[in-house]
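Undergrad: Sending over a structure as structure tokens; questions will come in a sec.
2 protein chains.
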Amino acid sequence: MTESIKSKIRTVPHWPKEGIMFRDITTLLKDPEGFKETIDLLFKRYKDKKIDKVIGIESRGFIFGAPLAYLLGCGFVPIRKPGKLPAECESEEYTLEYGTDKIEIHKDAITKGDKILIVDDLIATAGTASAARNLVKKLGGELVECAFIVELIDLKGRDKLKGENIYSVVEFEG
Amino acid sequence: MTESIKSKIRTVPHWPKEGIMFRDITTLLKDPEGFKETIDLLFKRYKDKKIDKVIGIESRGFIFGAPLAYLLGCGFVPIRKPGKLPAECESEEYTLEYGTDKIEIHKDAITKGDKILIVDDLIATAGTASAARNLVKKLGGELVECAFIVELIDLKGRDKLKGENIYSVVEFEG
Numbered sequence: 020m021t022e023s024i025k026s027k028i029r030t031v032p033h034w035p036k037e038g039i040m041f042r043d044i045t046t047l048l049k050d051p052e053g054f055k056e057t058i059d060l061l062f063k064r065y066k067d068k069k070i071d072k073v074i075g076i077e078s079r080g081f082i083f084g085a086p087l088a089y090l091l092g093c094g095f096v097p098i099r100k101p102g103k104l105p106a107e108c109e110s111e112e113y114t115l116e117y118g119t120d121k122i123e124i125h126k127d128a129i130t131k132g133d134k135i136l137i138v139d140d141l142i143a144t145a146g147t148a149s150a151a152r153n154l155v156k157k158l159g160g161e162l163v164e165c166a167f168i169v170e171l172i173d174l175k176g177r178d179k180l181k182g183e184n185i186y187s188v189v190e191f192e193g
Numbered sequence: 020m021t022e023s024i025k026s027k028i029r030t031v032p033h034w035p036k037e038g039i040m041f042r043d044i045t046t047l048l049k050d051p052e053g054f055k056e057t058i059d060l061l062f063k064r065y066k067d068k069k070i071d072k073v074i075g076i077e078s079r080g081f082i083f084g085a086p087l088a089y090l091l092g093c094g095f096v097p098i099r100k101p102g103k104l105p106a107e108c109e110s111e112e113y114t115l116e117y118g119t120d121k122i123e124i125h126k127d128a129i130t131k132g133d134k135i136l137i138v139d140d141l142i143a144t145a146g147t148a149s150a151a152r153n154l155v156k157k158l159g160g161e162l163v164e165c166a167f168i169v170e171l172i173d174l175k176g177r178d179k180l181k182g183e184n185i186y187s188v189v190e191f192e193g
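In structure tokens:
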């Protein structure tokens, strides 16, 4: 089933730089059957998990996380780049290839004990996802799983999220 | 009906700067009934319009546009800030209070004659929305309507989109 999803993801070679094979989900999104199949697969996996909040990571995580929150009948919470959320935030730094970056969540977005599902389009080295996991824990959320559309398995992002449940729809070598 | 949606949008005074009353939709999103009510309202409005693609404008437009595309059974297309889309793009500049900004869309995202719905969270002066409209026209799309959650009516964004159909779920003075 996920082979048909994988076949709709376009690979753009050498983007954003030489040597990177960029996995472009926009070709999946614009395909009505492909988009629906992806969301339905996630819904089927999580519909009995009593999720309280789906967290989408800016900005491609919003595209999959928001329809899923709608179908699950739960709330949607954005995790965003610094300076985008207007109320009081918890923030978390993470390491990039060169330097660091930061993500933020509203402090009142999670109630202690909320069952949380984190959604993003891609897991590579899992820098962003592990920072998101830390934000959920800081606010007292119970992380049920981290779900991704694409996993770049050679980059071993799962190692950085050891102890957490991880799910990805399709895998690419790197 | 939309009063209950409006009541769930938080106003953050003086953000991001003195004098601005920021209308924060995150309080609506995290409320399961509020989020569902908003999406259902949009779905009811567009379900018989034979929309081919919902375009969401980065990044809050993704949160409303993606669930709507799912429900309508059509494709979802992101319009993004420059440098985020990996394949060949059409781009459009627009004017800000100081200086200019730019948005992009993949050239292959729209097929000539596609019936298009543009979705964003907010219409203020409509700089982004009118640039998005221009991108749709450049690619030969037929713009059915522009839908927003919040309209800041004092900023007269509708004037800049004259000739297009505009819908907003809730209105604030400014």
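Protein chains in written order, with the numbering used here: chain A, 20 to 193; chain B, 20 to 193. In this text, a Cβ means the ideal position worked out from N, Cα and C, and glycines have one as well. Every value quoted in this text rests on a predicted model; they were computed, and no experiment measured them.
1) When the Cβ atoms of the segment 104–112 of chain B are set against those of the segment 71–89 of chain B, are three or more pairs found closer than 8 Å?
2) Taking Gly94(A) as the query, report the chain B residues whose CB atoms sit under 8 Å from its CB, ordered along the chain.
3) Would you list the one or two residues that DSSP bridges to Asp120(A)?
4) So what's Ser143(B) in DSSP terms, helix, strand or just coil?
5) Would a check of beta-carbon distances place Arg99(A) closer than 9 Å to chain B?
6) Are the CB atoms of Gly80(B) and Ile129(B) nearer to each other than 9 Å?
7) By the criterion of Cβ-Cβ separation under 8 Å, what are the contact partners of Lys72(A) in chain B?
8) Got a sec: is the Cβ-Cβ distance from Phe191(B) to anything in chain A below 9 Å?
9) Quick test of the definition: if touching needs 3 or more C-beta pairs under 8 Å, does the segment 57–76 of chain B touch the segment 133–144 of chain B?
10) Any contact between the segment 168–181 of chain A and the segment 108–123 of chain A? By contact I mean 3 or more CB pairs, one from each, below 8 Å.
11) Would Ser26(B) count as contacting chain A if we go by Cβ distances under 9 Å?
12) In this structure, how does DSSP classify Ile44(A) when only helix, strand and coil are distinguished?
13) Within 9 Å of any Cβ in chain B, is that where the Cβ of Ser110(A) sits?
14) Who are the Cβ neighbours of Ala2(B) in its own chain at under 6 Å, not counting the five residues just before and after it?
15) Skipping 5 residues on each side, what residues in its chain have a beta carbon closer than 6 Å to that of Phe54(B)?
16) Is Tyr89(B) close to chain A, meaning its C-beta is less than 9 Å from at least one C-beta of that chain?
17) Taking Leu174(B) as the query, report the chain A residues whose CB atoms sit under 8 Å from its CB, ordered along the chain.
18) Leu171(B) and Ala150(B) - do their beta-carbons sit closer together than 9 Å?
19) Answer yes or no: do Thr30(B) and Arg42(B) have a C-beta to C-beta separation smaller than 9 Å?
20) So which residues of chain A does Phe41(B) contact, with C-beta pairs closer than 7 Å?
TA: Taking the geometry as given:
1) no
2) Here residue 94(A) refers to the residue found at position 75 of the first sequence. Ordered by position in chain B, the residues that pass the 8 Å Cβ test against Gly94(A) are Leu48, Lys49, Asp50, Pro51 and Phe54.
3) Locating residue 120(A) in the first sequence gives position 101, counting from the first residue. According to DSSP, Asp120(A) bridges with Tyr113(A).
4) Looking up residue 143(B) in the second sequence gives position 124. At residue 143(B) the sequence reads Ala, which differs from the Ser that was named. Three-state result, Ala143(B): coil.
5) Position 80 of the first sequence holds residue 99(A). Closer than 9 Å: yes.
6) Locating residue 80(B) in the second sequence gives position 61, counting from the first residue. Locating residue 129(B) in the second sequence gives position 110, counting from the first residue. No, the Cβ-Cβ distance between Gly80(B) and Ile129(B) is not below 9 Å.
7) As a working mapping, residue 72(A) is identified with position 53 in the first sequence. Within chain B, the residues near Lys72(A) are Lys49.
8) In the second sequence, counting from the first residue as 1, residue 191(B) sits at position 172. It does not: the Cβ of Phe191(B) has no partner Cβ on chain A nearer than 9 Å.
9) yes
10) no
11) Here residue 26(B) refers to the residue found at position 7 of the second sequence. For Ser26(B), the answer is no, since every Cβ of chain A falls outside 9 Å of its Cβ.
12) Counting from one through the first sequence, the residue named residue 44(A) turns up at place 25. Residue state, collapsed to three classes: coil.
13) As a first step, residue 110(A) is located in the first sequence; it is residue number 91 there, counting from the start. No, because no Cβ of chain B sits closer than 9 Å to the Cβ of Ser110(A).
14) With chain B represented from 20 up to 193, any question about residue 2(B) goes unanswered, as that position is not in the structure.
15) Here residue 54(B) corresponds to residue number 35 of the second sequence, with the count starting at 1. Around Phe54(B): Leu48.
16) Residue 89(B) sits at position 70 when you count from the first residue of the second sequence. Chain A contact via Cβ: present.
17) Here the question's residue 174(B) lines up with position 155 in the second sequence. Correct list: empty, because the minimum Cβ distance to chain A is about 18 Å.
18) By one-based count along the second sequence, residue 150(B) stands at place 131. By one-based count along the second sequence, residue 171(B) stands at place 152. In this structure, Leu171(B) does not lie closer than 9 Å to Ala150(B) by Cβ.
19) Looking up residue 30(B) in the second sequence gives position 11. Looking up residue 42(B) in the second sequence gives position 23. Yes, Cβ-Cβ distance for Thr30(B) and Arg42(B) is below 9 Å.
20) Walking along the second sequence from the start, residue 41(B) turns up at place 22. Here the neighbours are Pro105.
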